[in-house]
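Beneath this line is the structure, given in C-alpha cells, with notes to follow.
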Amino acid sequence: MGWKRKDLLGMQELEAAEITDVLDTAVSMKEISTREIKKVPTLRGKTVVNLFYEASTRTRTSFEIAGKWLSADVINFSASGSSAEKGESLLDTARNIEAMSPDVVVVRHKASGAPALLARSLRCGVINAGDGAHEHPTQALLDLMTIREKKGHLEGLNVAIVGDVTHSRVARSNIFGMRKMGMTVTVAGPPTLIPPQCQELGVKVSHRLEEAIEHADVIMMLRLQHERMQGGFIPSIREYSRVWGLTPARLQHCRPDVLIMHPGPVNRGVELSPEVADGRYSVILDQVSNGVAVRMAALYLLAGSKSA
Amino acid sequence: MSVEHGRASLLIRNGRVVDPAGGVDQVQDVLITDGRIARLGRGLKAPAGTEVIDATGKVVCPGFVDMHVHLREPGFEYKETIASGTRAAAAGGFTAVACMANTFPVNDNRAVTDYILARARVEGVVRVYPIGAVSRNLEGTQLAEMAEQAEAGCVAFSDDGRCVMNAELYRRAMEYALPFGTPVISHAEDCHLARGAPMNEGLVSTELGLSGQPGAAEEVMVARDIILAELTGAHLHIAHISTAGAVRMVREAKARGVRVTAEVTPHHLLLTDEAVRTYDPSCKMAPPLRTKRDVEACLEGLIDGTIDCVATDHAPHATSEKEGEFAEAANGIVGLETAVPLLLDRLVRPGVIDLPTLVTRCSTAPARLLNLPGGTLAAGADADVTILDLERAWTVEPAAFQSRSRNTPFAGQSGVGAPWLTLVGGVKVTP
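For the protein sequence lines, the chains are X and L, in the order given.
Sequential numbering from 21 applies to the first sequence in our numbering.
Sequential numbering from 12 applies to the second sequence in our numbering.
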C-alpha cells in the first residue's frame, strides 16, 4: 500500500498495514548504512527541520543522520524550555518556520499534543519525535523493527513493558503499535506508575516483575526519571531498583531467547543492572542502529515518496 | 446600572408566560409600568402611550440570572469588561450576573466592590452583583473584609478559581458570613489531588498522555465543605459541580437538612472528556470535562433539584491564551451567549428537561439563593424579563460575540431555540 499521510503523529492512528509498510521501507534503508558511501540522493533538495523543545541527543542525532544519508538539508532548531518561557508561542515559531518552506518538521515537545497542533497549522509534514507522555512513534517503530529482525515475526509474541508507564510516551506508542501487530502486552510497575484504566488499552497489568517477565519474548525496561520521588510516585530509587530492577538473577526464570530492550538513556543500576544491559540478551544497541533506518523511512515516506 | 427604570409603559402581549415563582404557565399579557411588573392577565388594555410587544409564539420568563461569571474588570480588561460582559449577558438572555472576585486587584475589600458597582452603574447593561473574596488576595491564609464587602453590596463570598485548602479558615469564613445571610461559594478542588492537571483522569487522559485529575479532587472538598456547613450552619453553595460523587453527596446532605445548594455549567451537562482528544484548549476548564457517567449524574441532579441552578462560569480569555499547548492554556470558556441556546436545543427541545424547570434553574432559584429581588414576574417586581423564541435557529459564531473573548468549544455548532428579547427594569437591553 502507498503511504498517504501528511504527518506521522502517533502509532494510535496507524493501521497495521501502514506499520508494516514503514518497517519494510526501513529494512531497505538499513542496507544503506552498510555501504562504504552512506549516502543516496533520495531527498536531495529537501529540507528537514529538527525542532526540539526538549533536550535530546539520541533522537535528534538519529534524525539528523537519517536526513543526511538521504541527502536532505537538515537544520537543527533547539529551543529550551516552554514556548511560553521563550516569549514566542509555539504557533508563532511554527509560522516562522513554515515561511522558510521546509518539507518536514521533526518536533519534540514536552507538551502532549504539540505535534498535532503543529500538524494542523503547517502545510509541510510533521513527525512527532516525542510529545510529553503521549507518543514517540519512531521509537515504537524502531522497537518493532528490532523485534521483527530478531524474532522473524511480530504476531503472537509476548511483551513485558516494565517501569514508569504513566509518564512514558515510549510505552504508549509501543502499546498502541504492538496491539495492532497482534502482540500480547503486559505492563508492569508499582501501581503509582501505571496509568488509570490502562487495561482498557488492551494490555494486562501486573504489579510483580517476576510474573510479568516469566513468559515474555521481549522485556522492555523503561527509564525511571529521578524526579518521580518528588512527585510521591515512589519512596526511593533504592527501593525501586530493589523491586523493579532487572538483574541476572531475575532473568534466570525467563525464556532462553528473551530480548532485553531499553529506549535509553539507561540508568545503570536502577532499572537495568550493568550485566543485563551489556549481556547477551540485550539488543539495546540494535535499537539505536535501527532507529536511523526507521527515521530514514519516515522522512522518505513523508518527503520523498511522492515526488520520487 | 446605566439604564433608568423605564418610564414608559410596555405591554408584552400574547406570550406563553412561564413564571415558576407564581406557578404560572399559560398564554397571558404582561403589563409593565415604571420599570415594574404591573399586572399579568389575558386581554390587558394598553394605556395610552404604551409600547406593545407582540410575543405570540414566544415564551415570557422572569429574567435569567447567571450567578457565576468572570467580568475580568478591574485588571484584565483585554479579556472582558463590565461593559462587554454585561452586553454578552443581555444578548444571552440574562438580566443579572454575579461576578467572581478574581480580578486584579482582587475584590477582597470594599474599594474594589465599590469600583465594580460604579462601573456597572455607568456601563453595565444588566444588573451586576459582585461576589467578594473569602480570603485576602485569594491566598487562603487570612479572611477578606467580608462585613464591609457585604455592606457594599457583595451577595456571596468565594475564592473561585482557587480552593481554600485551609479547612480552619474556611470554617471561620462560613461562620463570619452567617450574619450577612450570604452563601459561601466553594470552588471544590483539592489542589494536591488535582496537581494542576489539565484534564479529567481516566482512559482519555491515559491515551492522550496528559496528566489527569481524578473526580476525587472535587469530591474530597465537597465532602469537607458539607461537613463544615453542618458544623457552622452556613449556607454552602457548590460552584460548577461536575462529578457523580459530588452530586450524590449534595443530594444526601440536602436530605439531612444541610444548607447546601449547587450549580452546574452547560458544558458539564453537554460535553465529556472525549472532547479533549483534539487537544483543543477550548475544551480546557476547571473543573475539567468529566465522563459520560458524570454528565448523566449532573443531568439527573438538575432535573430532580439536587442541583439548584445552571451557571455559566463565563471565563473569557484572549485568543493567545487559548491556542497553544493544551497543558499550558488558560482554564475556562465563555458561556453567557451560548448557555440558553444550548440548553433550549439540547435539553428542552428533546424533552430531557421541561421549560418551567429550566426557568426555575436559570432564574427563580439563583435569584432566591443569592437573596436577589429578581426571579419572579409578580406584580411589583422589577420588570426583568427574558423572552425566548423556541423556534429561532442559531449557529455559534464567536466572531459575532458581544463578549471580548472567543474561547468556546461550541463554535460552529447550531441548534434551535434562543433568547429573543431581554428587558431590564422594563428597558430593552438586547444588543
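Think of the CB as a built atom: it goes at the ideal place given N, C-alpha and C, for glycine as much as any other residue.
The structure displayed is predicted, hence computed values, not measured ones.
Exposed or buried, which one is residue i when buried takes at least 16 other CB atoms within 10 Å?
i                        : result
asparagine 418 (chain L) : buried
serine 102 (chain X)     : Because the pLDDT of serine 102 (chain X) is 46, which lies under 50, any placement of that residue in the model is unreliable, and the question is left without a value.
asparagine 70 (chain X)  : buried
glutamate 84 (chain L)   : buried
aspartate 315 (chain L)  : exposed
isoleucine 351 (chain X) : Since the first and last residues shown for chain X are 21 and 328, residue 351 (chain X) lies out of range.
alanine 328 (chain X)    : Its pLDDT being 40, under 50, alanine 328 (chain X) is placed unreliably in this model, and the value from its coordinates should be taken loosely. The residue in question, alanine 328 (chain X), is exposed, as its Cβ has fewer than 16 Cβ neighbours within 10 Å.
arginine 192 (chain X)   : buried
glycine 252 (chain X)    : exposed
proline 285 (chain X)    : exposed
methionine 241 (chain X) : buried
lysine 333 (chain L)     : buried
proline 268 (chain X)    : exposed
glycine 423 (chain L)    : exposed
histidine 173 (chain X)  : exposed
alanine 131 (chain X)    : buried
glycine 30 (chain X)     : buried
How about residue i and residue j: do their beta carbons lie closer than 8 Å?
i                        : j                        : result
cysteine 218 (chain X)   : valine 179 (chain X)     : no
asparagine 399 (chain L) : glycine 104 (chain L)    : As written in the sequence, residue 399 (chain L) is leucine, which differs from the asparagine given in the question. Cβ atoms of leucine 399 (chain L) and glycine 104 (chain L): closer than 8 Å.
serine 207 (chain X)     : valine 223 (chain X)     : A quick correction: the sequence has valine, not serine, at residue 207 (chain X). Result yes, Cβ atoms of valine 207 (chain X) and valine 223 (chain X) sit closer than 8 Å.
threonine 276 (chain L)  : threonine 323 (chain L)  : yes
valine 306 (chain L)     : threonine 349 (chain L)  : no
threonine 330 (chain L)  : threonine 106 (chain L)  : no
proline 215 (chain X)    : threonine 283 (chain L)  : no
glutamate 155 (chain X)  : glycine 213 (chain L)    : no
glycine 150 (chain X)    : arginine 128 (chain X)   : yes
glycine 209 (chain X)    : tryptophan 264 (chain X) : yes
threonine 272 (chain L)  : histidine 251 (chain L)  : no
cysteine 320 (chain L)   : histidine 279 (chain L)  : no
alanine 86 (chain X)     : leucine 319 (chain X)    : yes
alanine 139 (chain X)    : serine 188 (chain X)     : no
methionine 176 (chain L) : isoleucine 142 (chain L) : no
glycine 426 (chain L)    : arginine 357 (chain L)   : yes
histidine 328 (chain L)  : alanine 341 (chain L)    : yes
When DSSP labels each residue in this structure, what does residue i get in the three-state scheme?
i                        : result
tyrosine 320 (chain X)   : helix
valine 29 (chain L)      : strand
glycine 437 (chain L)    : coil
aspartate 284 (chain L)  : helix
valine 363 (chain L)     : coil
glutamate 155 (chain X)  : strand
isoleucine 280 (chain X) : strand
glycine 87 (chain X)     : helix
arginine 50 (chain L)    : strand
arginine 288 (chain X)   : strand
asparagine 70 (chain X)  : strand
valine 175 (chain L)     : coil
glutamate 334 (chain L)  : coil
glycine 311 (chain X)    : helix
alanine 104 (chain X)    : At alanine 104 (chain X), the pLDDT of 46 sits below 50, so the modelled position is not reliable and the matter cannot be decided from this model.
methionine 157 (chain L) : helix
valine 14 (chain L)      : The predicted position of valine 14 (chain L) is uncertain, since its pLDDT is 48 and thus under 50; a value taken from the coordinates is nonetheless stated next. If DSSP states are grouped into helix, strand and coil, valine 14 (chain L) belongs with coil.
asparagine 194 (chain X) : helix
cysteine 309 (chain L)   : helix
proline 377 (chain L)    : helix
histidine 251 (chain L)  : coil
lysine 224 (chain X)     : strand
glutamine 250 (chain X)  : coil
With hydrogens ignored, establish whether the beta-carbon of residue i is closer than 7 Å to any heavy atom of the ligand NAP.
i                     : result
alanine 167 (chain L) : In terms of ligand content, the structure shown is empty, and the ligand NAP therefore cannot be addressed.
**Message:** Within 8 Å, do at least three Cβ pairs link the segment 224–236 of chain X to the segment 232–250 of chain L?
**Reply:** Under the 8 Å Cβ criterion, the segment 232–250 of chain L does not count as touching the segment 224–236 of chain X, having fewer than three qualifying pairs.
**Whole beta strand (DSSP E) elements within the segment 80–150 of chain L, 3-residue minimum** = 105–110 and 138–141
**Request:** Inspect the CB distances between the segment 202–214 of chain L and the segment 291–310 of chain L and report whether three or more fall short of 8 Å.
**Result:** yes
**Asked** Taking contact to mean at least 3 C-beta pairs separated by less than 8 Å, is the segment 402–416 of chain L in contact with the segment 93–101 of chain L?
**Response** yes
**Asked** Does the count of Cβ pairs from the segment 27–41 of chain X and the segment 304–315 of chain X closer than 8 Å reach three?
**Response** With a cut-off of 8 Å on Cβ pairs, the segment 27–41 of chain X is not in contact with the segment 304–315 of chain X, counting fewer than three such pairs.
**Prompt:** Do the segment 387–403 of chain L and the segment 419–438 of chain L touch if we need at least three Cβ pairs shorter than 8 Å?
**Reply:** yes
**Message:** Could you tell me which whole alpha helix (DSSP H) segments of length 4 or greater appear in the segment 106–186 of chain X?
**Reply:** Runs of the alpha helix (DSSP H) inside the segment 106–186 of chain X: 110–118, 134–141 and 157–171.
**Message:** Quick check: the segment 339–353 of chain L against the segment 27–44 of chain L, are at least 3 beta-carbon pairs closer than 8 Å?
**Reply:** Too few Cβ pairs lie closer than 8 Å, so no.
**Prompt:** Would you call the segment 60–70 of chain L and the segment 25–32 of chain L touching, i.e. three or more CB-CB distances under 8 Å?
**Reply:** yes
**Message:** Using 8 Å as the cut-off, can you tell me whether the segment 133–148 of chain L makes contact with the segment 360–377 of chain L, which would need three or more C-beta pairs spanning the two stretches below that distance?
**Reply:** The segment 133–148 of chain L vs the segment 360–377 of chain L: no contact.
**Item:** Contact between the segment 197–205 of chain X and the segment 268–278 of chain X (3+ Cβ pairs under 8 Å)
**Value:** no
**Asked** Using 8 Å as the Cβ pair cut-off and three pairs as the minimum, do the segment 380–392 of chain L and the segment 255–262 of chain L touch?
**Response** no
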